[in-house]
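Here's the structure, in C-alpha cells; my notes come after.
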Ligand code: UDP
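Here it is as C-alpha cells:
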C-alpha cells in the first residue's frame, strides 16, 4: 500500500517524501511542477500533472494502490492571494475536491491536510489553540479554511478520515543541505535574510516596526520543516490507528520577532544583513504563536528544533550551496 504525496516537489512536500522513503514507505508523488522541482523529489513513483484534472488524478488512483494521502499541493503566497483570489479558490479548493472525489471513488480513506495558522486571522489570544475562532484575513487562509470545512462533509458522506494540520512559520532545510526552501519569487523572511547575506538582494525590508510588540516588529512561531513533516507522519499513523478527525496546530509554542530572526541569521552566517524599514504588510497579525499541546499530547509529537539559530543553521547549509 502506498502513500500519495501531492505537491511532493515543493518545499514541505519534498521533505515529506524524503522522510517517508527513509521510513521505508512506498511513496507516490503528484506534482504539476508549477512551483515544485523535479530534482527535489528524492524517490517514489512520480506522476507529473494537474491534480484538478479529474481524469489524471483518477488514473493515478487506478494505477496505484493508495492507502493514504498527504495533501500539500496548493498555492501559498498570501500577497498574491489578495490580488488574485480566484487563482487561490480555484486551485486550493478545486483541486482538493478532485482529489477527495478520486479518494472516495477508490475507497482511499486517510487524508492529512496541509492547513495554516492563516485560518485563524487576527488571534483573540496567544497562544492560539485549535478551538479558537477561525476568521481568515486573506484569500489564502480562506481557501484552506474552506477545505477544512468541506472535508467534514466528505467524512460524513464517504467515511473520509482526515486531520488538518495548521502550520505556523515553517523554515529550515534537510540537515545535510540536500533539499531546502526554493520559491520563485521568494517572499518569506528566513530565505530572504539568507539570500541577502549572500548578496542576492541588497537588503531585507522589515514590514512594520510599530506593532504592539517589545521591539515593534511582528512575532512568529518558527518551526523546522523536519519537525513539521514528523507531525504529518504521526498524524497519519494516528488516523490509521482509529484517531478521530480533528485539527492540530504545528508550531513550537514560542515566538520570535523579525529583528530577533535577523540577529540570529547574522550570528549563524557571520555576514552582514542590511535592513530597511518599510510599511506593514496587509493582513499581517502582530503576533502568531501556537499552542502545540494538543499535537504533543495526542500525536506524541515533539519538535526537536526549539530556537531559531538551529533552524536558520540548517536553512543556511542549503542556501549557501545555491550560489
Ligand atoms: N517579513 C518581513 N520582511 C520580509 C518578509 C517577511 O518583515 O521581507 C515579516 C512578515 O511581516 C512576518 C514575518 O516576517 O511578520 C514572517 O513572514 P513570512 O512571509 O516569512 O511568513 P508568513 O508569516 O507570511 O507565513
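Residue numbers (my numbering): -5 to 317.
Note that beta-carbon positions come from the ideal geometry of N, C-alpha and C, so glycine has one too.
Just to confirm the assignment, what range does the alpha helix (DSSP H) spanning residue i have?
i           : result
residue 390 : The structure shown does not extend to residue 390, since the chain is modelled only from -5 to 317, so the question has no answer here.
residue 10  : 5 to 16
residue 220 : 219 to 234
residue 261 : 252 to 263
residue 92  : 90 to 100
Shortest alpha-carbon distance to residue i belongs to which of the options?
i           : options               : result
residue 8   : 34, 171 and 120       : 34
residue 5   : 230, 134, 173 and 96  : 173
residue 312 : 32, 118, 37 and 189   : 189
residue 83  : 303, 46 and 158       : 46
residue 141 : -3, 59 and 108        : 108
residue 270 : 187, 73 and 233       : 187
residue 228 : 197, 13 and 294       : 294
residue 126 : 96, 160 and 21        : 160
residue 2   : -5, 17, 18 and 43     : 43
residue 242 : 16, 303, 193 and 157  : 157
residue 280 : 37, 251 and 232       : 251
residue 164 : 21, 272, 118 and 70   : 70
residue 96  : 191, 204, 51 and 166  : 51
residue -2  : 203, 75, 28 and 56    : 56
residue 221 : 61, 300, 117 and 25   : 300
residue 66  : 86, 48 and 113        : 86
residue 114 : 68, 90 and 162        : 162
residue 195 : 209, 171, 179 and 307 : 179
residue 230 : 62, 278 and 76        : 62
Note the first and the last residue of the continuous beta strand (DSSP E) segment covering residue i.
i           : result
residue 272 : 269 to 272
residue 22  : 20 to 25
residue 41  : 39 to 42
residue 155 : 155 to 161
residue 108 : 104 to 110
residue 131 : Per DSSP, residue 131 belongs to no beta strand (DSSP E) and is neither H nor E.
residue 62  : 60 to 65
residue 205 : Premise fails: residue 205 is in no beta strand (DSSP E) and is neither H nor E.
residue 188 : Segment 183 to 191 is the alpha helix (DSSP H) holding residue 188; no beta strand (DSSP E) there.
Establish whether the CB of residue i and some CB of chain C are separated by less than 9 Å.
i           : result
residue 145 : No chain C appears in this structure, which consists of one protein chain only.
Thinking residue i and residue j are a contact (beta carbons under 8 Å), I'd like their distance in whole angstroms, please.
i           : j           : result
residue 213 : residue 264 : No, residue 213 and residue 264 are not in contact; Cβ-Cβ is about 25 Å, not under 8 Å.
residue 124 : residue 260 : The pair is not a contact, with the Cβ atoms about 35 Å apart (cut-off 8 Å).
residue 155 : residue 104 : 5 Å
residue 245 : residue 283 : 7 Å
residue 215 : residue 247 : 7 Å
residue -4  : residue 22  : 5 Å
residue 112 : residue 81  : The Cβ separation is near 16 Å, so there is no contact.
residue 106 : residue 64  : 5 Å
residue 200 : residue 272 : 6 Å
residue 223 : residue 32  : 20 Å between Cβ atoms; not a contact.
Taking just the CA atoms, how far does residue j sit from residue i?
i           : j           : result
residue 310 : residue 169 : 10 Å
residue 256 : residue 101 : 48 Å
residue 136 : residue 93  : 19 Å
residue 266 : residue 177 : 23 Å
residue 276 : residue 59  : 44 Å
residue 72  : residue 54  : 30 Å
residue 203 : residue 268 : 16 Å
residue 254 : residue 74  : 27 Å
residue 198 : residue 297 : 28 Å
residue 120 : residue 48  : 41 Å
residue 98  : residue 305 : 38 Å
residue 17  : residue 37  : 13 Å
residue 167 : residue 262 : 14 Å
residue 209 : residue 171 : 32 Å
residue 235 : residue 211 : 43 Å
residue 322 : residue 232 : This structure gives no information on residue 322, because the portion of the chain shown stretches from -5 to 317.
Closer than 8 Å is the cut-off here; do at least three beta carbon pairs connect the segment 126 to 140 with the segment 172 to 188? no
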